[in-house]
Each structure stands twice: as structure tokens, then as C-alpha cells.
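Heads up, the sequence shown is in the UniProt record's numbering, so the first residue is 1 and it goes up one at a time.
Beta carbons are placed, not taken as given, at the ideal position from N, Cα and C, and that holds for glycine.
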Amino acid sequence: PALFSAAEPFMAAGVPRLHPWALAEAALAYGKAASGCVGVLAAVERQLLASASAAAALGAGDGAKLLAGFAAARFVPKKEQLKMLARAMHGGLAELPDSLLVAAAGALARVAAVGGCGGSLRAELRDEVLRRAPRLSADEAATSAAALAALGELDRDSLQALAGRLPAAEPGEGPSPLSPALLPGLYLAHLAAAAGKGGGLPSGLLAAARRRWMAESAASDAFLVEVTETAESLALEALPNHRTPDGLLLLDVLVTDRGTGEQCALQLARAKDLSAAGVAGAELGHSALRRRVTEATQGLLVGLLRQSDWACAGRKAERAAVLIKAIEAALRPAPS
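Dropping the structure here:
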């Protein structure tokens, strides 16, 4: 990372002289190795938007590498850039190696929320992934299933086709499809939600996903920020079981004010204490959760008012309202 950081100003200055394939390689390298160095990625984006010839020369592999680099660095490209990359990839997915196809699926799932990903490309991606499903590794199948779920392209048949590549063993009892560096938390949320709606995933995978969710949440404030807008579906699936330790912890994470890492750590530690305390502790936790629902709602409204994209703010507010209503309903005392 230090070397990439030192080279960043020279790389960014030299971007206009790079061939299109080299632009893609530079974006992929910087995205993977130096997520904090977004200067090169911004320069690549400016060059492609400014040069019609460079954009036209992009192949499907170049588009996939650019997407993967942007996603790895959590760099959200402009809508025009996403549309350009989608055009480059359209019709050429069959030529991508398995690893790059899976990386493209994951990257598209991470950045498609800002727009620019048409339904035809999503469908093409789904069909190509399913065509290759029998030869995908467990890691690739798990990543693909989660990415397609995030893109809204994972129906029951697709889920079961990919689930056939995933080992059913619990972690510690055999191969696990959730290695420590495999799936970002964003995909875990969608994968677990898709499994809850459509069924077909091994129970060992879901158990591993829950454990990974909790471990990664506790370790990374950035993880919490990343999944804030996409965890509603998983939360709604978990609400019927909110009195279990996993459900209580998930609710506590979702309604916590994520203003600082210290606040996140305190709330997570408290949730774990409540879970360990059993039913009595959980009941006390529900009262605290009710208060934090109100606090989180107020914080959300303040955050939305600061946004310049009012359409986006409106969509977030609608999703938040659904989630908050569901949480409040789940936390009401059970009828005697």
C-alpha cells in the first residue's frame, strides 16, 4: 500500500497516455491493492469520459476489470461511466475467464445501485453464470449467488443450481464456502435474504454467514457503513426470530447510530452481553432497542436533509420507514 500511495500522483498524471487495456489494468491493480488511493481511479474515469475513442476500444474483459477495480476500492463511478462499462461488457461475457466473470458479477452488484446497469446485462450475466455453474468452485458459486441476489436476478431455480456447488458441511467439519476473505458483508445480506425467501441453500452456509456477519460487524466500522442501505432484506427475514441471540444482535446493529466507530463498538458489545444473558437480558434489550429506533430515525432524517440527490434520499427514506415499522412491530410484547 505504501508503494501504491507513493506512485499515485505519477500514475494519475500519466493516465491520459495509457492505452485502454492499460487503463483497465491500472484500475484493477489500484482497486485491489490500495483502496484508499482513489486518485488513479478518478483519473481513469475522467480519461474514459473525455475520450470517446478510448471508451469505444474497451473490450468485455476491460469493462469487467474496470468494474472490479472500482468496486474493490469502494469508488462509485458516475452513471455515464457505468453505462459505458455496461456497453463494453454486453455481448462479450462468454469470453471472460470464470474468475473474472465472477468478479464482474460481484462488482456490478456493488455499484449498480447508482444506476447504469440495464436489465439485459443483468440477465446476460445471470445466464452466463448459470451456464458455468457446474464447473465453478465453491467460492465462485457462493460469490455469484450473492451477487445475483443483490442484482435481483436469483430465482429459486438459479439459487438451487448454484447451491449444488456449495458444500453443506458446517465450518470446522469440512470445506466451508465462506473463507475469511471471500464475501463482502454486502453479499452476505443478500445471500441470506434470498435463501430465506427461496430456500435451497445448505444450512451450513447460512450458519457460516451469520457467524461471519457478526464477526465482521464487530471488527469493522466500514463494514457497517457499507451494508446500512442493503441489510433491510436480511433484517426483515430475521425479524420472526428476533428473540434469538443472532436476531437480537442483528437488530441492535441495524438501529445503532453509525456516527463513529466507538459508538458502533459499544452497541455491538452491549448486544453481545444481552444475547449471552438469555431471555431476561433480551427483554431488557428490547426496551433499549425501542429507544434506539427513535434515535436512529432522527439521525436518518438529518442525514437525508444533507443530501443533494433528493430522489435517492426519498428511496432511502421509504426503505427506512418499512424497516423501522417492522422492527417496532417485532419488538412489541407478545400477547399473553
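8 Å or more divides the Cβ of LEU49 from the Cβ of MET89. Here ARG126 is buried. Its C-beta has 16 or more other C-beta atoms within 10 Å. Here the alpha carbons of ALA64 and ALA133 stand approximately 19 Å from one another. Pairing LYS32 with ALA72 gives a Cβ-Cβ distance under 8 Å. The Cβ atoms of GLU140 and ASP98 sit closer than 8 Å to each other.
Take the alpha-carbon of ALA60 and the one of PRO20: they are about 12 Å apart.
Following the DSSP letters along the chain, one finds SER53 inside the alpha helix (DSSP H) bounded by residues 52–56. Sequence-distant Cβ neighbours of GLU153 in its own chain, meaning closer than 8 Å and more than five residues away, are ARG122, ALA123, LEU125, ARG126. Here GLU124 carries a helix assignment [DSSP, helix/strand/coil].
Residue nearest to LEU41 within the set ALA55, ALA57, GLY69 is GLY69 (criterion: CA-CA distance). Under the three-state reduction of DSSP output, GLY39 falls in the helix class. By a beta-carbon distance limit of 8 Å, ALA27 does not contact LEU18. Their separation comes to about 10 Å. GLN47 is the residue among ARG131, GLN47, ALA109 whose C-alpha sits nearest the C-alpha of ALA13. Taking every protein chain shown into account, the CB of SER158 has 16 or more other CB atoms within 10 angstroms, so this residue is buried.
Separation of the CB atoms of ALA149 and VAL129 is rounded to 12 Å, and the pair is thereby denied contact status at 8 Å. Take the alpha-carbon of ALA54 and the one of ALA22: they are about 11 Å apart.
In this structure LEU108 touches LEU151 by the C-beta definition: roughly 7 Å separates them, less than 8 Å.
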